[in-house]
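First up is the structure itself, then whatever we jot down about it.
In the working numbering, the protein residues as written are 95 to 976.
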């Protein structure tokens, strides 16, 4: 392997121009894959095709359409909703409805139910009879669909008190309608008031979905189901823009809904990722300019720019979508991946300035490139744990990171070897180590300067911290209110809050009932009982219910003092028969075999219902629906709310397990690669500290975790093992040169301190910059994971050194045993505070070695030397920092 790395170093420097041309062509080809990236926040990002919720949601949307856009009409100047039925406002409503209908196909709209449409259904129930399965106009309200239902309910009421209450209320109703002067239609203000208000002067129960109170009305525009995200965003925009063109006298309007919320997320995905990446890059430029005191100090940024282009281009060709999770991939890969290029660049400078190696590029390749492969596989195995996530977008994020880190590693090896090899040949570095670099190295030495005897207490402490994190992990809570995931200052959130506060709900939860005949009395009674019990049991979470059954049930049961009477199948069938077309399509589907119930969700104080509370409602619904359903019938909760519940369940199902799997996968790999369980465990000690501390801090400060923190654990494992593996392997390398354990760790810290601090800060900044996102979902992820990465870096620099010294001291050699023959030199060195003296050289040069100039010699000595294991025993003793 050493000869292979030597060959690569020589070839890269010798053919730098060719590598540059090939790299440019490859970059251009892969960059063409970036436009192929798809932004996805559809059901398939949150649920698996095998999940029952996924199947149910797709079936529901095929039957009744997708999500709804809600236009809230808020009355002003003390006016009430009956004022909406003036000729001018009715004309405006008709124009709006006609506009939406005329463009329904082009904009994938299923239907529009305006406030006049909702009231038109009530008017039809009062002005039509239903005989022999057919509706017919009638002037006799007692013979109408509503009248016959009310009269039947009197006889069916289970108590005498209920019968009496119903009788009195029916008399009042008949008196009121008899007093209405003029035609019984919506052009008559008196008839409108009769339809809108019950005998107590309140909005009728059956109308409260569309008229939540006396000062608010709603227009519901249902989108087609199974829409692609871009199509749904376009539909939402069209509805909002169309509604904004029409003004109702005496009222204001706000149009929003779940599609508008998803559109906001989609828009952010398309622009926010690149903004965050640009900010991260700017921060890294500052870090590199201030702390990375080398020639061509911005080279690592150029390398990672090419690597990211390869990564995202390849993701486009592979069809890996960008989602709420993968959007974090750009700043994360930027922060983690740039470390490789920094390490390569710093090692070349070290070989040139400190070691004054004849072949600095070869020395770097032979000693560092194998270590970079180890840490790359550390990261890949950590991200492989995300493959076992139950949420598709988390799995896709893991795949994106694994692919990205692999190609970034390739770029970070080949590009610096070629660029710096060519540079050192044409313009050898002659300067000395800067004071700034020495300071950074000394800082790292001091951080890891705990006595070796502290190793065992540190190991025990790491175990305690890790177990403490496990203990408090179940007590941590996820932020489960989707509205809280989005920029709280955005217009869509302001609109959602306005609708929520004005109407009591901005979201819905659908339930569909399948039966051979949904108008069967048993099916209707079952549906009615379910609806009534849900509104009673979960009244603080459900505002209203809308459906063919609930329309009749609310009509005949909204009477104070009356007992509950279930509607009959005929009454429901009659209601469906006289409903306007857009209403019909929302009530029953599949030729009378599927019935729809739509619950409006919201808290008692008119706030958005969190997913955890929605999950309680859904579970309660499933339990009730499973009890004695009618023969051959099935009822299923569905809709976007169920998607959110399924997402929450999948996240909580194995969120913690993903972190433990990442630790296990990396531990197994390190054990095999390093041929030692002890070396593997030593690398993982800081990981355990970082993972445990993260949970303890979140618990101590009562932090609500973002759903994206499901990927935080494996990410911390990847970053932390990168640092620990590089430190451990460099320690072994220095032990192979004959240093004592304490000397070896000091040399490691001094020489790699600059690289570790710079790469650590870039890794942290790459993650922390996500905390600048206006989207809380990402901001919280950046804060929590950024803190975790910082803890991981400090753990690696503080706790690992004394443990390595202790494990290799007193003849134990648990770290370096059977590993030192892989290092550059096998001789014995003595070291004091100032000097490093070479006592024994390396293997002899090979006969066919290429000249030093091709390999990029850093001393300017011409073409002498070899490409293989070149001896440097002739080098005079030199200070560690010259």
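Think of the CB as a built atom: it goes at the ideal place given N, C-alpha and C, for glycine as much as any other residue. Only a predicted model underlies this, so the values are computations on that prediction, with no experimental measurement involved.
Point to revise | Simplified DSSP assignment, three categories, for residue 391 | key: Taking the first residue of the chain shown as position 1, residue 391 is located at position 297. Residue 391: coil per DSSP, three-state reduction.
Point to revise | Beta-carbon proximity of residue 60 to residue 163, cut-off 8 Å | key: Residue 60 lies beyond the residue range present for the chain, which begins at 95 and ends at 976; the question has no answer from this structure.
Practice item. Report all residues from its chain with a CB closer than 6 Å to the CB of residue 673; omit the five preceding and five following residues, and keep chain order. Key: Residue mapping note: residue 673 aligns to position 579 of the chain shown, counting from 1. Result list for residue 673: 215, in chain order.
Point to revise | Among 115, 129, 450 and 297, the one whose alpha carbon lies nearest that of residue 412 | key: By one-based count along the chain shown, residue 412 stands at place 318. Ranking 115, 129, 450 and 297 by Cα distance to residue 412 puts 129 first.
Check your understanding: So, are the CB atoms of residue 733 and residue 154 less than 8 Å apart?
Key -> Sequence index remark: in the chain shown, residue 733 carries index 639 (1-based). Sequence index remark: in the chain shown, residue 154 carries index 60 (1-based). Contact: yes.
**Study point:** Which residues DSSP lists as bridging residue 291, in chain order
**Key:** Taking the first residue of the chain shown as 1, we reach residue 291 at position 197. BP columns for residue 291 point to 297.
Review point. Hey, how far is the Cα of residue 280 from the Cα of residue 373?
Key: Taking the first residue of the chain shown as position 1, residue 280 is located at position 186. Taking the first residue of the chain shown as position 1, residue 373 is located at position 279. So the alpha carbons of these two residues sit roughly 58 Å apart.
Point to revise | Buried versus exposed, by CB contacts within 10 Å (16 or more), residue 517 | key: As a working note, residue 517 is residue 423 in the chain shown. Answer is buried; the Cβ neighbour count reaches 16.
Point to revise | For residue 740 and residue 891, the rounded distance between their alpha carbons | key: Locating residue 891 in the chain shown gives position 797, counting from the first residue. Locating residue 740 in the chain shown gives position 646, counting from the first residue. Approximately 41 Å, taken between the alpha carbons.
Check your understanding: Is it the case that the Cβ atoms of residue 289 and residue 264 are separated by a distance below 8 Å?
Key -> On the chain shown, position 195 is the one that residue 289 refers to. On the chain shown, position 170 is the one that residue 264 refers to. Cβ distance not < 8 Å, so residue 289 and residue 264 don't count as in contact.
Review point. Hey, quick one: how far does the alpha helix (DSSP H) through residue 983 stretch, first residue to last?
Key: Nothing about residue 983 can be reported from this structure: the residues present for the chain run from 95 to 976 only.
Review point. Looking at the unbroken beta strand (DSSP E) that takes in residue 224, where does it start and where does it end?
Key: For this step, residue 224 is matched to residue 130 along the chain shown. First-last of the beta strand (DSSP E) with residue 224: 222 to 225.
Check your understanding: residue 840 by DSSP, collapsed to three states: which one?
Key -> As a position in the chain shown, residue 840 is number 746, starting the count at 1. If DSSP states are grouped into helix, strand and coil, residue 840 belongs with the helices.
Check your understanding: On the three-pair Cβ rule with 8 Å, is the stretch 472 to 481 touching the stretch 746 to 757?
Key -> Contact between the stretch 472 to 481 and the stretch 746 to 757 is present, because at least three Cβ pairs lie under 8 Å.
Point to revise | Inter-stretch contact (C-beta, 8 Å, three-pair minimum) for the stretch 635 to 650 and the stretch 719 to 732 | key: no
Point to revise | Residue from 828, 562 and 403 whose Cα sits closest to the Cα of residue 428 | key: Counting from 1 along the chain shown, the entry for residue 428 is found at position 334. Answer by Cα proximity: 403.
Practice item. Taking only runs that begin and end inside the stretch 449 to 498, name each unbroken alpha helix (DSSP H) of 4 or more residues, in chain order. Key: 454 to 478
Review point. Around the Cβ of residue 355, are there at least 16 other Cβ atoms within 10 angstroms (buried) or fewer (exposed)?
Key: Position 261 of the chain shown holds residue 355. Residue 355 comes out buried.
Check your understanding: Where does residue 949 land, buried or exposed, given buried means 16+ other C-beta within 10 angstroms?
Key -> Against the chain shown, residue 949 aligns to sequence position 855. At residue 949, the pLDDT of 37 sits below 50, so the modelled position is not reliable; the number obtained from the coordinates is stated separately. So residue 949 counts as buried.
Point to revise | Separation of residue 650 from residue 677, as counted between CA atoms | key: Locating residue 677 in the chain shown gives position 583, counting from the first residue. Locating residue 650 in the chain shown gives position 556, counting from the first residue. Rounded to the nearest angstrom, the two C-alpha atoms are 20 Å apart.
Exercise for review: May I ask which residues mark the beginning and end of the alpha helix (DSSP H) holding residue 229?
Suggested key: Translated into positions along the chain shown, residue 229 becomes position 135. Looking at the DSSP string, residue 229 is not in any alpha helix (DSSP H); the run it does join, the beta strand (DSSP E), is 228 to 231.
Review point. Just checking, does the stretch 866 to 873 make contact with the stretch 577 to 597 on the three C-beta pairs under 8 Å criterion?
Key: In short, these stretches touch, since the Cβ pair count reaches three.
Exercise for review: Excluding the 5 residues preceding and the 5 following residue 577 in the sequence, name in chain order all residues of the same chain whose CB lies nearer than 7 Å to its CB.
Suggested key: The residue labelled residue 577 in the question sits at position 483 within the chain shown. The answer, listed in chain order, is 587, 590 and 702.
Practice item. Flag this pair as yes or no: are the beta carbons of residue 659 and residue 259 separated by less than 8 Å? Key: One-based indexing of the chain shown puts residue 659 at position 565. One-based indexing of the chain shown puts residue 259 at position 165. No, they are not a contact pair.
Review point. Can you name the residues that DSSP bridges to residue 798?
Key: If you number the chain shown from 1, residue 798 lands on position 704. DSSP output for residue 798 lists 571 as bridge partner(s).
Check your understanding: Mapping DSSP to helix, strand and coil, what is residue 351?
Key -> Position 257 of the chain shown holds residue 351. Residue 351: strand per DSSP, three-state reduction.
Exercise for review: Take the Cβ of residue 817 as the centre, count every other Cβ of all protein chains shown within 10 Å, and call the residue buried at 16 or more, exposed below.
Suggested key: Along the chain shown, one-based indexing puts residue 817 at 723. Label assigned to residue 817: buried.
Review point. Okay, do the stretch 447 to 455 and the stretch 509 to 527 touch, 3+ Cβ pairs below 8 Å being the bar?
Key: yes
Practice item. Could you tell me which of 896, 656 and 859 sits nearest to residue 255, measuring between CA atoms? Key: Taking the first residue of the chain shown as 1, we reach residue 255 at position 161. The residue with the shortest Cα to Cα distance from residue 255 is 656.
Review point. Among the residues of its own chain, which have a CB less than 6 Å from the CB of residue 788, if the five just before and after it don't count?
Key: Working through the chain shown from its first residue, we reach residue 788 at position 694. Same-chain partners within the cutoff: 882.
Exercise for review: Can you give me the start and stop residues for the alpha helix (DSSP H) that residue 868 sits inside?
Suggested key: Counting from one through the chain shown, the residue named residue 868 turns up at place 774. No residue range can be given for residue 868, since it is assigned to no alpha helix (DSSP H) and is classified by DSSP as neither H nor E.
Exercise for review: Using alpha carbons as the reference points, say which of 629, 580 and 362 lies closest to residue 133.
Suggested key: As a first step, residue 133 is located in the chain shown; it is residue number 39 there, counting from the start. Of the candidates 629, 580 and 362, the one whose C-alpha sits nearest the C-alpha of residue 133 is 362.
Review point. Terminal residues of the continuous alpha helix (DSSP H) containing residue 169?
Key: In the chain shown, counting from the first residue as 1, residue 169 sits at position 75. Per DSSP, residue 169 is not a residue of any alpha helix (DSSP H); the beta strand (DSSP E) it occupies stretches across 162 to 169.
Practice item. Kindly indicate which residue of 631, 466 and 896 has the alpha-carbon position closest to the one of residue 767. Key: In the chain shown, the residue the question calls residue 767 occupies position 673. Closest option to residue 767, Cα to Cα, is 466.
Point to revise | the stretch 371 to 390 contacting the stretch 455 to 469, beta-carbon criterion three pairs below 8 Å | key: no
Check your understanding: Which whole-angstrom value is the C-beta distance of residue 790 and residue 563, which I expect to be below 8 Å?
Key -> On the chain shown, position 696 is the one that residue 790 refers to. On the chain shown, position 469 is the one that residue 563 refers to. Rounded, the Cβ-Cβ distance is 6 Å, consistent with contact.
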